[in-house]
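Protein chains in written order, with this note's numbering: chain A, 1 to 276; chain B, 1 to 276; chain C, 1 to 276; chain D, 1 to 276.
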C-alpha cells in the first residue's frame with residue numbers, strides 16, 4: 001500500500017522557506033510570486049513542482065529549504081501582539097481538554113489567533129471554533145492568520161464582550177486567555193456542557209489565586225494548576241547538553257470541569273502528579 | 001445558536017467515574033451493567049440518562065462523579081506494560097509533528113497504545129494510523145485499548161519487524177518509540193514523505209547521542225532535541241504552591257525532517273529556544 | 001608538602017556508616033559502643049583506628065562503609081519535625097548572604113536546626129550564630145543536633161518571640177524561617193547592619209506576595225525572589241538519565257538588603273537572571 | 001548585647017556601588033580615589049565614613065547605592081574568561097563537599113578564580129586552598145581577583161599540569177573544573193584523604209558518561225550526578241511570576257568518595273533523591 005502522494009509543492013500551497021541562518025518565511029505559492037530577502041529573491045515558479053524537502057536557491061545563490069509548514073513553527077510565528085501561548089502550552093491544552101475532530105469549542109480572547117489556529121486544526125472540517133475578542137484590530141490580525149492557513153471556515157470570530165455571556169450553550173470546551181477570567185466563570189458555566197472542559201492560562205500567581213475560589217463557588221471540580229517547561233538541547237552528538245538559556249515562564253495553566261450538583265462532597269484534590 | 005446537545009449520558013457511551021478518593025474508572029454504559037468497587041456497586045441503569053457532571057451514588061451511598069472521559073486521563077490510564085509517553089509529551093509531539101485530521105501517520109512500536117490513541121483521536125475519521133509492533137501480547141493490549149474508545153477503524157495494527165522496512169511510503173509523519181531508533185532511520189526515510197515529520201522519544205542521553213549522527217548521515221535536518229517538564233500546583237487559593245514532588249523525566253524528544261538533496265550546506269542549528 | 005593527616009577514624013570522632021541498602025547512620029565512636037541494625041551489630045572498637053573509606057563488617061557479615069560525615073548528608077538527616085530547608089537551598093543561602101568565617105548571624109526560627117548547623121559550620125570558631133525559637137521542644141532537638149556535631153559553642157539558642165525584637169544589633173545577616181516573616185521586618189531592620197543581608201524561605205506564593213510590600217515599605221532594596229531546583233541523574237555511564245522523580249518544591253527564597261536612606265529613587269528591579 | 005559594629009565604610013574597604021540601572025561596580029575605597037561612570041564621577045572621599053546601605057551621588061547627581069560586597073555578586077562578576085561556575089552551583093558544591101573553616105582543599109583548574117574565591121572564603125584563615133592551572137594568563141587573572149578580596153594568603157596558586165599528579169596528599173576535598181577529569185582520577189585518588197570528597201562540573205552528557213566508569217574503576221563510591229536550576233521571580237507583590245527567561249544549563253555536578261577496599265560489594269545506587 002502506498003499512502004496518498006503529496007510529495008510535491010503545488011500551486012497554491014502554503015510553504016515554509018528556511019534560510020541558511022534558520023530564519024523562517026511562510027509563503028503562499030502563487031504563480032509569478034516571489035519572496036524578497038536580503039539573501040536575494042526566491043521565485044515561486046521555481047518552487048512549484050519541486051519536492052518538499054528540497055534545497056532551492058535565491059537569485060543570489062543563497063540556499064533555502066522548502067518545507068511544508070510545521071504547526072509548531074506556524075504557532076511560534078503567529079504575530080505576537082499579545083501574550084502568546086507557546087506550542088508547549090497549546091499541546092498540553094489540546095490533550096487535557098480532549099480537543100479533537102468534530103468538536104464545538106469556544107475561546108476568548110482571540111488575540112493574534114495562535115490557539116485559535118491550533119483549535120481549528122484539531123477540530124477538523126466537522127468541528128467548529130467560536131472565538132470572542134473585543135479589540136477589533138486583534139480580530140483582524142487573527143482573521144488574516146486563519147485565512148493564510150485556509151482555516152477560516154472552521155472558525156466564527158465574534159467581536160463581542162463576554163461579560164454579557166456567550167451566545168452558545170453545550171460547548172465541549174471553553175478556553176479563556178484573558179487577564180481576568182475570574183470575572184467570567186458564571187458565563188463559562190452557562191456556555192459549557194455539564195461536565196465539559198474549562199481551561200485558561202494566566203501569567204501571575206495572583207491571578208491564579210483569584211480564580212480558584214470562583215471556580216469552586218461555581219461548582220467546578222477536578223481543578224488542576226500546572227505549568228509546562230520546555231528545555232531544548234544542542235543537537236550535537238558528541239557534546240550533548242541543554243541550551244544555555246530557556247523560556248522560563250509563559251503562564252500557569254488551569255483546568256476544571258463544571259459539575260451539575262452542589263459539591264457537598266468534594267472530590268479529593270490531586271495533590272501530586274505522581275500516581276500509584 | 002445552541003451548540004449540539006450531548007449533555008446526557010447515553011446507552012453505549014464510554015463514561016469516567018471518579019471516586020471520592022479520586023480513583024478513576026472507565027466504563028462502557030451497557031444496560032444492566034455495573035461497576036463493583038470497595039465503596040459499593042454503581043449500576044449503569046442509574047447513570048444512563050443522567051447529565052454528565054452529575055454526582056451519582058453507589059448502593060452503599062458513596063458519591064461518584066459521572067464524567068465524559070478526558071483524553072489526558074485516558075492516556076494516563078492506558079495500561080502501562082511498557083515505557084509510556086505522558087500526556088505532556090504526547091501533546092507536544094502532536095503539535096510539533098503537525099498531526100491533524102485527515103493525515104496518514106506511522107508509529108512503531110505500538111506498545112500499550114497510548115500514543116496510538118492520541119494519534120487516532122487527532123487524525124479523525126478521515127485520517128489513518130499504521131502502528132507496528134513485534135510483541136503479540138502488546139498488540140493485543142493496544143487493540144483492546146483502541147476498541148474501548150471506538151478508535152479501531154482509524155488504526156491498522158501490524159505485527160511486523162520494521163527492520164525489513166515499512167510497507168508504506170509518503171507518510172505525513174513517522175514516530176518511533178523503540179530503544180534503538182538509530183537502527184531504523186533508513187527505513188523511516190523510505191516511508192516518509194520528503195520533508196515530512198520524524199519524531200521519537202528516548203529515555204537516556206546515550207541513545208540520543210547514538211541517534212543524532214545517523215539522522216545527519218541520512219540527510220535529516222532541522223533536528224531538535226528537547227524535554228517537556230510538567231509541574232503541578234496544589235490548587236489552594238490561599239496556599240498556592242507547587243506539589244512536593246514531580247515526575248522528573250520520561251524521555252528526550254527528538255524531531256527531524258528528511259531533506260531531498262545532499263546537505264552540502266547545512267541549515268544553522270537552533271542553539272537556543274529563545275527567538276528574536 | 002603533605003597535608004595534615006586525619007585519614008584514620010579516631011576515638012570520639014563522629015562517623016557515618018552506610019549500609020548495603022544505602023541507609024545512613026551517624027555515630028560517635030566511643031570505645032565499647034556499638035550500632036545495632038537489622039543487618040547485625042557493628043562494634044566501634046573495630047572502627048577506631050581504621051582508615052576512613054574502609055569497608056567494615058557487622059557481626060553477621062554485612063558490609064558497611066565507614067566515612068567521615070558529609071555536611072549534605074547531615075543536613076538531610078537532621079530530624080524533620082519542621083519544614084526543613086534542603087542542602088540545595090542552604091548552599092545558595094550561604095553564598096547569597098555571604099556567610100563565612102568570623103561572622104555574626106541571626107536566625108529565627110531554629111526548628112530542628114538544619115540551617116543552624118550549616119551557619120555554625122560556616123562562621124567557624126571565630127563567628128557566632130544566634131538562633132531564636134518559641135517552641136521549647138524544637139529548641140531541645142536543635143540543641144541535641146548541634147551537640148552531636150560539636151557546634152554548640154558557636155551557637156546561642158534563645159527561647160524567645162521575635163515579635164518583641166531581637167536583642168542584637170548590627171548583625172551581618174538575618175535569616176527567617178517562619179510562616180509570617182512580613183510581621184517581623186521592622187524587627188529585622190533593627191537587628192541588621194545597614195546594608196546587611198536579609199533572607200527567608202516561604203513555601204507558598206501568597207506568603208511571598210504579603211512579604212514583598214512590607215520589605216519595600218521598610219526600605220529594603222535589591223530584593224530577589226527565586227527557587228532552587230535539584231535534579232538527580234542515575235549514575236549509569238551507559239544509560240545516563242535523570243531520576244524518574246524529584247523534589248519539585250521546598251520553598252521560595254527571598255533576599256533583600258536594608259538601605260539607610262528613603263528610597264525616593266528606587267534601584268532598577270532585576271527582571272531577569274540573564275546578565276549581559 | 002550589641003554585635004560588633006562595622007556599619008560604616010572605612011578607608012581600604014572593598015565596596016559595591018550599584019547604579020540606578022543596577023550595574024554593579026566593585027571598588028577599593030582608597031582616599032582620593034574615584035569611580036568614573038557615564039553617569040558621572042563618584043569620589044571615594046565622599047564614601048569613607050558613610051553608612052553601608054546609603055545612597056550616594058555622582059558629581060552629575062546620579063544616585064548610587066553603597067553596599068558591602070555580596071559574595072554572590074562577587075562570584076557573578078569574576079571575570080569570565082572561562083566557563084564559570086555560577087553561585088547556584090558553588091553553593092551546592094560547598095555543602096556537598098563539606099567545605100568549612102580549617103580545611104585543606106585542592107582545585108584544578110583555577111580558571112578566573114570564582115570557585116577559588118568561594119573556597120578561600122569558606123575555609124577561612126585557618127584553612128588553605130591549593131589551586132592548579134596550566135594557563136599562565138588565567139592564573140594571573142585569578143591572582144588579581146583573589147588579591148582584590150584580600151584572600152591571597154589562604155590560597156597557593158600553582159602553574160602546573162596535574163597529569164603528573166598533585167604535590168599534596170590527604171586533602172579533605174578535591175574539585176576538578178577541567179574538560180577531561182576522567183584522565184586525572186588516579187591522581188585525584190592519590191591526593192585525597194581516604195573517604196574524602198571529590199567533585200567536578202562538566203557541561204556535556206558525553207563527559208559525564210566518560211567519567212563514571214573511571215570513578216568506578218578507581219574505587220570511588222557514593223557517586224552522585226545532578227544539576228542545579230535557579231529560577232528567578234519578578235519581585236512584584238501584585239504580579240508575582242517567574243522571569244521570562246532563565247539560565248537553563250551551566251553544568252552537571254558529579255560527586256564521589258574514594259573507598260579504601262576493593263568494592264566487591266557495591267553500595268546501592270541512589271536512584272532517586274526522594275528519601276523515605
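C-beta atoms are modelled at their ideal positions from N, C-alpha and C, and glycine is treated no differently.
- With respect to residue 95 of chain A, residue 117 of chain B sits apart: the two C-beta atoms are not nearer than 8 Å.
- The Cβ atoms of residue 37 of chain C and residue 19 of chain C lie closer than 8 Å to each other.
- Annotated three-state conformation of residue 36 of chain C is strand, per DSSP.
- Scanning the region 90-176 of chain C for uninterrupted beta strand (DSSP E) segments of 3 residues or longer gives 104-108, 128-133, 155-159 and 171-176, listed from N- to C-terminal end.
- Its chain contains 172, 173 and 197 as the residues whose beta carbon lies nearer than 8 Å to that of residue 98 of chain A, once the 5 sequence neighbours on both sides are disregarded; these appear in chain order.
- Counting only residues of its own chain and dropping the five nearest sequence neighbours on each side, residue 184 of chain C has a CB closer than 8 Å to the CB of 108, 162, 163, 176 and 178.
- The C-beta of residue 225 of chain B comes closer than 8 Å to at least one C-beta of chain A.
- Spatial neighbours of residue 154 of chain C in its own chain (CB-CB distance under 8 Å, excluding positions within 5 residues in sequence) are listed in chain order as 120, 123, 124, 125, 127, 128 and 129.
- For residue 204 of chain A, there is no enclosing beta strand (DSSP E), as DSSP gives it neither H nor E.
- Around residue 248 of chain D, the beta-carbon contacts reaching into chain A at under 7 Å are 231, 242, 243, 244, 245 and 246.
- Taking each of C:208, C:236 and C:232 in turn and checking the Cα distance to residue 255 of chain C, the smallest one comes out for C:208.
- Taken atom to atom, the span from the alpha-carbon of residue 136 of chain A to that of residue 151 of chain A is near 19 Å.
- Interface criterion met: the Cβ of residue 206 of chain D is under 8 Å from a Cβ in chain A.
- Under the Cβ criterion of 8 Å, residue 140 of chain D is not counted among the residues facing chain C.
- Within chain A, no residue has its CB atom less than 8 Å from the CB of residue 172 of chain D, the nearest being about 30 Å off.
- Within the same chain, 126 and 127 come within 6 Å of residue 102 of chain C by CB-CB distance, once the 5 residues on both sides are set aside.
- The secondary-structure analysis by DSSP pairs residue 51 of chain C across a beta bridge with C:8.
- When the five nearest sequence neighbours on each side are left out, the beta carbons in the same chain lying within less than 6 Å of the beta carbon of residue 232 of chain C are those of 243, in order along the chain.
- By the beta-carbon neighbour count (other beta carbons within 10 angstroms, threshold 16), residue 88 of chain A is buried.
- From the beta-carbon of residue 159 of chain A, no residue of chain B is found nearer than 7 Å; the closest lies around 16 Å away.
- The C-alpha of residue 149 of chain D is placed about 10 Å away from the C-alpha of residue 71 of chain D.
- In the displayed model, residue 60 of chain B falls within coil according to three-state DSSP, outside both helix and strand.
- Annotation for residue 60 of chain D: 39 and 40 place their beta carbon closer than 7 Å to its own, counting only its chain and skipping 5 residues before and after.
- The beta-carbon of residue 239 of chain A is placed less than 8 Å from the nearest beta-carbon of chain D.
- Closest in C-alpha terms to residue 73 of chain D, from the list C:235, C:224, C:241 and C:246, comes C:224.
- Excluding sequence positions up to five before and after residue 182 of chain A, its CB lies within less than 7 Å of the CB of 210, 211 and 214, all in the same chain and listed in chain order.
- Close CB contacts of residue 145 of chain C within its chain, under the 6 Å cut and outside five residues either way in sequence, are with 78 and 113 (chain order).
- Apart from the 5 residues on each side of it in sequence, residue 142 of chain D sits with its Cβ closer than 8 Å to the Cβ of 110, 111, 112, 113, 116, 131, 133 and 157 in its chain, given in chain order.
- Around residue 45 of chain B, the same chain offers 31 and 32 as residues with beta carbons nearer than 7 Å, after the five sequence neighbours per side are excluded.
- At least one C-beta of chain D is nearer than 8 Å to the C-beta of residue 203 of chain A.
- With distances taken between CA atoms, residue 34 of chain C lies nearest to C:11 out of C:7, C:11 and C:253.
- Counting the other CB atoms within 10 Å of its CB gives residue 53 of chain B a total of 16 or more, which places it among the buried residues.
- Scanning chain A for C-beta atoms nearer than 8 Å to the C-beta of residue 209 of chain B yields 237, 238 and 240, reported in chain order.
- Across the structure, residue 186 of chain D and residue 245 of chain D are spaced so that their CA atoms are roughly 40 Å apart.
- As the crow flies, the alpha-carbon of residue 27 of chain D is around 15 Å from that of residue 50 of chain D.
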